[in-house]
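In this text, residue positions in the sequence shown follow full-length UniProt numbering: the first is 1, and each later residue adds one.
Shown next, in structure tokens, is the structure this report addresses.
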Amino acid sequence: MAGKKPEIPEGYLGPQEKWNELGLKSMTHPNPEIIARDNHLKIEIESSMTHIKFTYQLIHCISEKEYSEYVFAQMKEGIIHVLVHMPETGYYKLQLYALPSADESKSLPNVFNYLIRCTTAAQTVHPFPKHYAQWKDGCFLHEPLVLHSNSNLTNINWRVNVPHANAVAVVVDEEWFHFENRGGPVWVAKFSLDKYRGSNSKVKLSANFQGDEESKFSTMLEFTI
Numbered sequence: 001m002a003g004k005k006p007e008i009p010e011g012y013l014g015p016q017e018k019w020n021e022l023g024l025k026s027m028t029h030p031n032p033e034i035i036a037r038d039n040h041l042k043i044e045i046e047s048s049m050t051h052i053k054f055t056y057q058l059i060h061c062i063s064e065k066e067y068s069e070y071v072f073a074q075m076k077e078g079i080i081h082v083l084v085h086m087p088e089t090g091y092y093k094l095q096l097y098a099l100p101s102a103d104e105s106k107s108l109p110n111v112f113n114y115l116i117r118c119t120t121a122a123q124t125v126h127p128f129p130k131h132y133a134q135w136k137d138g139c140f141l142h143e144p145l146v147l148h149s150n151s152n153l154t155n156i157n158w159r160v161n162v163p164h165a166n167a168v169a170v171v172v173d174e175e176w177f178h179f180e181n182r183g184g185p186v187w188v189a190k191f192s193l194d195k196y197r198g199s200n201s202k203v204k205l206s207a208n209f210q211g212d213e214e215s216k217f218s219t220m221l222e223f224t225i
């Protein structure tokens, strides 16, 4: 059951004041009311700005529970890819926030609001990785998008874009797995994490950036297995 459609204040849905100012355009879902026949949804937003930071909130309308860990947004070639996984059926509010990367404001203004009706929740969902401040301009995770204690942890293929990185590695407890550069911002690796299954270990995707000391690695993304 998707439940009754919630009452929405006038002006809440769709683009907000800063949307056009930031040069944003919804490519896949211009209508702010979405009927999702599946609980996996991908929204693509075009940005005229190369350097933009964004965040989001996903809220189940009936329970008012926040599910923002089931949203993952990243940008590649001027397109913001927003992945939304909904744990249960019903209505959700997806609230998007954005600012130019150079703006040092801690609070990002609300730029667009969706109302999503999820009619079927047949697919299993797991939280996306937690992201940190260094996960920004041009960083893009191709695989794996989710990693958890029930994942296949043997020979995991990793592929990630990290501009301006000297080195990229995954750190689990005290063990390091170093990536190979495939030209430009592209870094790849393949390794197994079976021995950490069910240990609640943090799997940290980290990078050493140009201008940093050689030994300094900043955490960008964090999975839990």
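Built from N, CA and C at the ideal position, the CB exists for glycine as well.
For this session: Within the same chain, show all residues whose beta-carbon is closer than 6 Å to that of methionine 1, passing over the 5 residues directly before and after it, in chain order.
Result: Translated into positions along the sequence shown, residue 1 becomes position 1. With a pLDDT of 49 at methionine 1, under the threshold of 50, the modelled position of that residue is not reliable, and the figure given next carries that caveat. Cβ neighbours of methionine 1 beyond the five flanking positions: none.
Exercise. Can you check whether the CB of tyrosine 91 is closer than 7 Å to the CB of cysteine 61?
Worked result: Translated into the one-based positions of the sequence shown, residue 61 becomes position 61. Translated into the one-based positions of the sequence shown, residue 91 becomes position 91. Yes, they are a contact pair.
For this session: Name, in chain order, the residues that DSSP records as bridge partners for phenylalanine 140.
Result: As a position in the sequence shown, residue 140 is number 140, starting the count at 1. Paired residues: Asn161.
Exercise. Between isoleucine 116 and leucine 94, is the Cβ-Cβ spacing less than 7 Å?
Worked result: Position 116 of the sequence shown, counted from the start, is the residue given in the question as residue 116. Position 94 of the sequence shown, counted from the start, is the residue given in the question as residue 94. Contact: yes.
Exercise. Where isoleucine 34 and glutamate 174 are concerned, what is the direct C-alpha to C-alpha distance, given to the nearest angstrom?
Worked result: Within the sequence shown, the letter at position 34 stands for residue 34. Within the sequence shown, the letter at position 174 stands for residue 174. Isoleucine 34 and glutamate 174: Cα-Cα distance of roughly 44 Å.
Problem set entry | Separation of glutamate 21 from leucine 153, as counted between CA atoms | Counted from its first residue, the sequence shown places residue 153 at position 153. Counted from its first residue, the sequence shown places residue 21 at position 21. The alpha-carbon atoms of leucine 153 and glutamate 21 are separated by roughly 44 Å.
For this session: Could you check if asparagine 39 is buried or exposed, using at least 16 other CB atoms within 10 Å of its CB as the buried criterion?
Result: Walking along the sequence shown from the start, residue 39 turns up at place 39. It is buried - the Cβ of asparagine 39 has at least 16 other Cβ atoms within 10 Å.
Exercise. Alpha carbon to alpha carbon, how far is alanine 189 from alanine 167?
Worked result: Along the sequence shown, read from residue 1 onward, the residue named residue 189 stands at position 189. Along the sequence shown, read from residue 1 onward, the residue named residue 167 stands at position 167. Their Cα atoms are separated by approximately 12 Å.
Exercise. Would a C-beta distance cut-off of 7 Å place tyrosine 196 and valine 172 closer than the cut-off?
Worked result: What you label residue 196 is simply residue 196 of the sequence shown in a count that begins at 1. What you label residue 172 is simply residue 172 of the sequence shown in a count that begins at 1. The answer is yes: Cβ separation under 7 Å.
Exercise. Which value, in whole angstroms, describes the spacing of the CA atoms of isoleucine 43 and leucine 205?
Worked result: As a position in the sequence shown, residue 43 is number 43, starting the count at 1. As a position in the sequence shown, residue 205 is number 205, starting the count at 1. C-alpha separation (whole angstroms): 25 Å.
For this session: Below 8 Å on the Cβ atoms is my guess for lysine 5 versus lysine 136; work out the distance and round it to an integer in Å.
Result: Along the sequence shown, read from residue 1 onward, the residue named residue 5 stands at position 5. Along the sequence shown, read from residue 1 onward, the residue named residue 136 stands at position 136. That pair is no contact at about 36 Å.
Exercise. Does the region 97 to 115 come within contact of the region 69 to 78, defined as at least 3 CB pairs closer than 8 Å?
Worked result: no
Exercise. Roughly how many angstroms lie between the CA atoms of histidine 164 and phenylalanine 209, to the nearest whole one?
Worked result: By 1-based counting over the sequence shown, the position of residue 164 is 164. By 1-based counting over the sequence shown, the position of residue 209 is 209. Taking the straight line joining both Cα atoms gives about 6 Å.
Exercise. Taking just the CA atoms, how far does glutamate 17 sit from serine 218?
Worked result: Translated into positions along the sequence shown, residue 218 becomes position 218. Translated into positions along the sequence shown, residue 17 becomes position 17. Using only the alpha carbons, I get a separation of about 34 Å.
Problem set entry | Check whether phenylalanine 140 and asparagine 113 have beta carbons under 7 Å apart | On the sequence shown, position 140 is the one that residue 140 refers to. On the sequence shown, position 113 is the one that residue 113 refers to. Not closer than 7 Å, so no.
For this session: Report buried or exposed for tryptophan 187, applying the criterion of at least 16 other Cβ atoms within 10 angstroms of its Cβ.
Result: Here the question's residue 187 lines up with position 187 in the sequence shown. Buried, because 16 or more other Cβ atoms sit within 10 Å of the Cβ of tryptophan 187.
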